[in-house]
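Data block below; observations after.
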Amino acid sequence: MARPAGRLRERRRGLQFPVIGWVGLVLVAVFVGLALAAPWLSHYRTTELAGSPLEPPSAAHWLGTNGVGQDLASQILNGARVSLFVAVLAGGGTLLIGALVGMVAGWAGGVVDAILMRIVDLVLVVPKVPLLIVIGTYAGPSLPVISLIIALTGWPPTARVVRSQVLSLRRRAHIKAAVGFGASSRQILRRHILPEVALILSAGLVGAAGRAIAFEAGLAFLGLGDPSRASWGAILRDANAFGGLFFTDAWKWWLVPPLVAVSLLLLGVTFLGVGLEQRINPRLTRHTGP
Amino acid sequence: MSSDLTIAQLRVTYPGPPPVRAVDDLSLSVAAGECLGILGESGSGKSTLGRSVLGLAGEATVEGTIRLGDLDLTALDENGWRRVRWRRISMAMQSASSLNPVLRVGLQLAEPQQVHLDRTRSEADARSTQVLEDVGLGEWALERYPRELSGGQRRLVLLALALVCDPEVLVLDEPTSGLDPATRNRVLEVLGRLRGQGGRALVVMSHDADALEMLADRVAILYRGWLAEVGPAQQVLDRPRNPYSWALLNARPTLASVKDLRGIRGDPPNPTEVATGCPFAGRCTQEIEICGQGRPPLLPPTAEDGERLVACVRGGVVPVLVGRNLSKSYAVRSGFGRKEQVTAVDGVSIEVLEGEVVGLVGASGAGKSTLSSMLVRLLDPDEGSVELEGRDLLAATGPELKAARRRVQLLFQDPFEALSARLTVGQAVREPLELQGIGDAEEQDRLVRTTLRAARLPADDDFLARYTHELSGGQLQRVSLARALVLEPKLLVADEPVSMLDPSEQAKVLQLLKQLQVERGMAMVLVSHDLASVLRVADRVLVMDGGQVVEEGTGSDLLMNPRHPATRALLAAAGRDLLFELEETATG
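First to last, the protein sequences are chains A and B. Take 1060 as the starting number for the first sequence in the numbering used here and just add one per residue. Take 94 as the starting number for the second sequence in the numbering used here and just add one per residue.
Below you can see the structure in the form of structure tokens.
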């Protein structure tokens, strides 16, 4: 039999994780490490007036101070916590809703599928920023609320990918066989469909997390974030709003570090996503056919 | 002065230890001028029945009554019997050893006439000559010793001996067994002429169903001394209703049979055991709980069956699956975005009996796979109904559907697709048990291993931990088969089960399928485009073409007399034309 050998080769290739993915993984891991270690690494509270305004980097203030004398290193470290918190909460929420809707629509088919897919279309055209402004105004722009809104508006792409995957899976004989053994829809989804779409979901999670990070930074930059938390977007906003920033050298330690941090984290997440995509893609093409 | 032979509640027991009941509660009657065939395997009690009727049961205890007209034979003493035997009722023995080897045939034929009818030797010889001519021998035979005659001729002499006193009832024990086909036909021809002659009742006991088909007006089927079925010969032999009769007649070879022969499942019963319930229970494929409680009464199975009586609490062989008028069409997009309906299956009805193998053949695109998916409800038909064991499969939901899923399983064409690449062999075969919630982990493990062994696969830990890509195609299909069988279904629908395998594996898997089907008493629908292999396995074959069943029959019917072009095309593909051309060149 030629095919088992072919499948074996395919498996081995599938197990190889591309270099770009490793780079992304390392970057993300560094940020996660920093965020976890933030309480020990930062010597000041983010709101504390720790020094005189616009102090350049020193042993006491690694990244100097901002316009009112707050320690920027502490703010950056705490900003990582904010970004990753949003990434996990919003990314996870996106994944959960997307996977559920996608699997149910793909498996149930028919009317259920049609209704769910119209809902997907509907959510896709909802403008996120105005929605956030409106909800933020009423509910108060706390991080969980922001995450929830990102999740509630961000799930449709995941749902679509998962659905198409389930559509191709449900025609496969081993799924039909399981139906033949008397498996309920829930059992099929849990035992067969979920493990098969797990990789896709992991890529979806990374993508959603990246979008959530960028979106939260943008919101904070616009002043729509949680005002009590020092997120990267908020640091950028403060720096940008400081009159005459570029007449001093302070932009070097006030504006650049959060910019670099958000860029590096997004790059890391994107690389990780690309790595996962490459790992998954051969399978995708095999399932869906040419 | 001809009269009926009536047997009522006859029980014959040979003394033990342990006692053997050879005939059990048997009631039967033969009218004057009628020919009754008694069909049964060896050990079914035929000979005991025959000897009891002639009062020759010896040391066996005979209970019940045997009446010849108004005369109660069971009440007769030896003196009484002497007046009855030969003159009113006689028996042609199976073995030619009942002829005396040192006496000429003429003397042996004359002796009963001299004793019972007070004839002189010359009167007797005249009658003997006449009888010998009747049986196809001539006067010449009178002067022969038995050893100077062939086996067939000796058999005819035995027949003449039984006839020589012109009895009202003639009992024949295996008149054709052990004879070559030509002699057998001669004996049958003679018996055919004797049939109904002068209002004589004929009782033919045989395991040769074809012989009985030619001779008998009515046929009774005997199993373990118990009457399974009795009725008009044509009805009983062509459409047997009792599960035992069905299995027995299904196992008989015919001249044009291409089917591989398989006996009835299980072992012949231990004669010392007396069954409390139906004697066929344990080997029967449609056994239910009440089968073990009390003897099934002989009843007419349906109103239109009239004279036929069947002893089966389920009223005879029942269908395990009935599909009626099934139709399915698919919407196919043709050019310019229009949708077109393509009818894959068009009004197909199919019935599968308990323990039966139905072959479903047709070219690709004939609708075979669509039909098999509908039979196991992996696809809902547009129209029609599917009944599994008498329950509507299409209406079943929830627990009822789940229970029905245990009873019917589909074996897929491509085992590689049918087994998830993520699961090991052990996990895959265990899955049905887990989904159905059968047994605890230990019990499941045991079932998985026994089923794998039944499918001729290793059942050690190493094999259970293998992934599908590590196995060969034949092994994979066996794993797939084991997975389908682990729930012990009543019906297996096998969709092209061997088409992906090489010829040697094909043969092995097909044989395995047939063997497991017989052992487990399953019914099977075997779907294939290869008529040659289906004919070897199937009891009945349906030919599909263009979504419809265009022809139906036994394998021999289709081979000898194909009517539809699709059947001929499949036969041609299977090499029939080649076979018959060879034959024509040989004869012509």
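Even for Gly, the Cβ is constructed at its ideal location relative to N, Cα and C.
### Query
For the alpha helix (DSSP H) that residue 1223 (chain A) lies in, which residues bound it at each end?
The sequence position of residue 1223 (chain A) within the first sequence is 164, counting from 1. Residues 1215 to 1228.
### Task
Could you check if residue 579 (chain B) is buried or exposed, using at least 16 other CB atoms within 10 Å of its CB as the buried criterion?
The count along the second sequence starts at 1 and reaches residue 579 (chain B) at position 486. Result: buried.
#### Entry: chain B within 8 Å of residue 1241 (chain A), Cβ atoms only
Taking the first sequence and counting its residues from 1, one reaches residue 1241 (chain A) at position 182. Answer yes: the Cβ-Cβ gap between residue 1241 (chain A) and chain B drops below 8 Å somewhere.
### Query
Any idea what DSSP makes of residue 412 (chain B), helix, strand or coil?
Along the second sequence, one-based indexing puts residue 412 (chain B) at 319. Three-state DSSP puts residue 412 (chain B) in a strand.
### Message
Check for me: the beta strand (DSSP E) holding residue 617 (chain B) runs from which residue to which?
### Response
Position 524 of the second sequence, counted from the first residue, corresponds to residue 617 (chain B). That run of the beta strand (DSSP E) goes 616 to 621.
#### Entry: residue 577 (chain B) versus residue 527 (chain B): straight-line alpha-carbon distance, rounded
As a position in the second sequence, residue 577 (chain B) is number 484, starting the count at 1. As a position in the second sequence, residue 527 (chain B) is number 434, starting the count at 1. Going by the C-alpha atoms only, they are around 13 Å apart.
#### Entry: Stretch pair the stretch 655 to 663 of chain B + the stretch 610 to 619 of chain B: three plus CB contacts closer than 8 Å
Short answer: they don't touch.
### Task
List the DSSP bridge partners of residue 1162 (chain A).
Walking along the first sequence from the start, residue 1162 (chain A) turns up at place 103. None; residue 1162 (chain A) has no bridge partner.
### Query
Taking Cβ to Cβ, would you say residue 321 (chain B) is nearer than 8 Å to residue 404 (chain B)?
Locating residue 321 (chain B) in the second sequence gives position 228, where the first residue counts as 1. Locating residue 404 (chain B) in the second sequence gives position 311, where the first residue counts as 1. Going by C-beta atoms, residue 321 (chain B) is nearer than 8 Å to residue 404 (chain B).
### Query
Does the beta carbon of residue 1329 (chain A) come closer than 8 Å to any beta carbon on chain B?
Within the first sequence, numbered from 1, the residue matching residue 1329 (chain A) stands at position 270. False, the Cβ-Cβ gap to chain B never drops below 8 Å.
### Query
For residue 230 (chain B), which residues of its own chain have a beta-carbon under 8 Å away from its beta-carbon, when the five flanking residues on both sides are left out?
Looking up residue 230 (chain B) in the second sequence gives position 137. So the list reads 246, 249, 250, 253, once near-sequence residues are dropped.
### Task
Under 8 Å between beta-carbons, which chain B residues line up against residue 1246 (chain A)? List them in chain order, please.
The residue given as residue 1246 (chain A) occupies position 187 in the first sequence. For residue 1246 (chain A), the chain B residues whose Cβ falls inside 8 Å of its Cβ are 528, in order along the chain.
### Message
If contact is defined by three or more beta carbon pairs under 8 Å, each pair taking one atom from either stretch, is the stretch 1267 to 1276 of chain A in contact with the stretch 1315 to 1328 of chain A?
### Response
Three or more beta-carbon pairs separated by less than 8 Å link the stretch 1315 to 1328 of chain A to the stretch 1267 to 1276 of chain A, which places the two stretches in contact.
### Message
Is the separation between the beta-carbon of residue 461 (chain B) and that of residue 637 (chain B) shorter than 8 Å?
### Response
Within the second sequence, numbered from 1, the residue matching residue 461 (chain B) stands at position 368. Within the second sequence, numbered from 1, the residue matching residue 637 (chain B) stands at position 544. In contact: residue 461 (chain B) and residue 637 (chain B) (Cβ atoms closer than 8 Å).
### Query
What residue range is occupied by the uninterrupted alpha helix (DSSP H) comprising residue 327 (chain B)?
Along the second sequence, read from residue 1 onward, the residue named residue 327 (chain B) stands at position 234. Segment 326 to 331, the alpha helix (DSSP H) holding residue 327 (chain B).
### Message
I'd like to know whether the C-beta atoms of residue 605 (chain B) and residue 548 (chain B) end up nearer to each other than 8 Å.
### Response
Sequence index remark: in the second sequence, residue 605 (chain B) carries index 512 (1-based). Sequence index remark: in the second sequence, residue 548 (chain B) carries index 455 (1-based). It is a contact, given that the beta carbons lie within the stated cut-off.
### Query
Can you find a CB in chain B that lies within less than 8 Å of the CB of residue 1238 (chain A)?
Numbered from 1 along the first sequence, position 179 holds the residue referred to as residue 1238 (chain A). It does; some Cβ of chain B falls within 8 Å.
### Task
Can you tell me which of the three DSSP states residue 175 (chain B) falls into?
Looking up residue 175 (chain B) in the second sequence gives position 82. Residue state, collapsed to three classes: helix.
### Message
Any beta carbon of chain B sitting closer than 8 Å to that of residue 1232 (chain A)?
### Response
Walking along the first sequence from the start, residue 1232 (chain A) turns up at place 173. True, the Cβ-Cβ gap to chain B drops below 8 Å.
### N- and C-terminal bounds of the alpha helix (DSSP H) containing residue 1103 (chain A)
In the first sequence, the residue the question calls residue 1103 (chain A) occupies position 44. Segment: none, residue 1103 (chain A) is in no alpha helix (DSSP H) and carries neither H nor E.
### Message
Output needed for residue 1345 (chain A): all residues of its chain with C-beta closer than 7 Å, excluding positions within five of it in sequence on either side, in chain order.
### Response
Within the first sequence, residue 1345 (chain A) is the residue found at index 286, counting from 1. Interpretation of residue 1345 (chain A) is limited by its pLDDT of 41, a score under 50 that renders its predicted location unreliable; the figure taken from the coordinates is listed afterwards. Result list for residue 1345 (chain A): empty, nothing under 7 Å.
### Query
Does DSSP classify residue 157 (chain B) as helix, strand or coil?
Here residue 157 (chain B) corresponds to residue number 64 of the second sequence, with the count starting at 1. Strand.
### Task
Could you confirm whether any beta carbon from chain A is found closer than 8 Å to the beta carbon of residue 469 (chain B)?
Here residue 469 (chain B) refers to the residue found at position 376 when the second sequence is read from its first residue. Yes - at least one Cβ of chain A is within 8 Å of the one on residue 469 (chain B).
### Message
What does the alpha-carbon distance come out to for the pair residue 581 (chain B) and residue 117 (chain B)?
### Response
Sequence index remark: in the second sequence, residue 581 (chain B) carries index 488 (1-based). Sequence index remark: in the second sequence, residue 117 (chain B) carries index 24 (1-based). In a straight line, the C-alpha of residue 581 (chain B) is about 33 Å away from that of residue 117 (chain B).
### Message
Can you tell me whether residue 238 (chain B) is helix, strand or coil according to DSSP?
### Response
One-based indexing of the second sequence puts residue 238 (chain B) at position 145. Residue 238 (chain B) falls in the coil class under three-state DSSP.
### Message
Suppose only complete runs of 3+ residues qualify. What are the beta strand (DSSP E) ranges in the stretch 577 to 617 of chain B, listed by chain order?
### Response
Qualifying beta strand (DSSP E) stretches, in chain order: 584 to 588.
### Query
Interface residues of chain A around residue 389 (chain B) at Cβ under 7 Å?
Position 296 of the second sequence, counted from the start, is the residue given in the question as residue 389 (chain B). Within 7 Å Cβ-Cβ: nothing; residue 389 (chain B) doesn't reach chain A, min ~33 Å.
### Query
Residues bridged to residue 422 (chain B) by DSSP?
Here residue 422 (chain B) refers to the residue found at position 329 when the second sequence is read from its first residue. B:436, per the DSSP bridge assignment.
### Message
Restricting to runs no shorter than 3 residues, where is the beta strand (DSSP E) found entirely within the stretch 477 to 529 of chain B?
### Response
When DSSP assignments are scanned along the stretch 477 to 529 of chain B, the uninterrupted stretches of beta strand (DSSP E) that are 3 or more residues long and fall wholly within it turn out to be 501 to 504.
### Query
Closer than 8 Å, CB to CB, is residue 523 (chain B) near chain A or not?
Residue 523 (chain B) sits at position 430 when you count from the first residue of the second sequence. Answer no: the Cβ-Cβ gap between residue 523 (chain B) and chain A never drops below 8 Å.
### Query
Is the distance from the Cβ of residue 312 (chain B) to the Cβ of residue 326 (chain B) below 8 Å?
Residue mapping note: residue 312 (chain B) aligns to position 219 of the second sequence, counting from 1. Residue mapping note: residue 326 (chain B) aligns to position 233 of the second sequence, counting from 1. Cβ distance < 8 Å, so residue 312 (chain B) and residue 326 (chain B) count as in contact.
### Whole-angstrom distance between residue 106 (chain B) and residue 366 (chain B), CA atom to CA atom
Numbered from its first residue, the second sequence carries residue 366 (chain B) at position 273. Numbered from its first residue, the second sequence carries residue 106 (chain B) at position 13. One C-alpha to the other measures close to 12 Å.
### Message
For residue 1135 (chain A), count the other beta carbons within 10 Å of its own beta carbon; 16 or more makes it buried, fewer makes it exposed. Which is it?
### Response
As a working note, residue 1135 (chain A) is residue 76 in the first sequence. Result: buried.
### Task
Pull up the distance between the alpha-carbon of residue 1224 (chain A) and that of residue 1165 (chain A), whole angstroms please.
As a position in the first sequence, residue 1224 (chain A) is number 165, starting the count at 1. As a position in the first sequence, residue 1165 (chain A) is number 106, starting the count at 1. When rounded, the distance between both Cα atoms is 8 Å.
### Task
Determine the closest residue to residue 523 (chain B) out of A:1192, A:1193, A:1240, A:1324, with distance taken between C-alpha atoms.
Here residue 523 (chain B) corresponds to residue number 430 of the second sequence, with the count starting at 1. That would be A:1240, whose Cα lies nearest to the Cα of residue 523 (chain B).
### Message
Can you tell me whether residue 572 (chain B) sits near the ligand GDP, meaning its C-beta is under 7 Å from at least one heavy atom of the ligand?
### Response
No copy of the ligand GDP occurs in the structure displayed, which carries no ligand at all.
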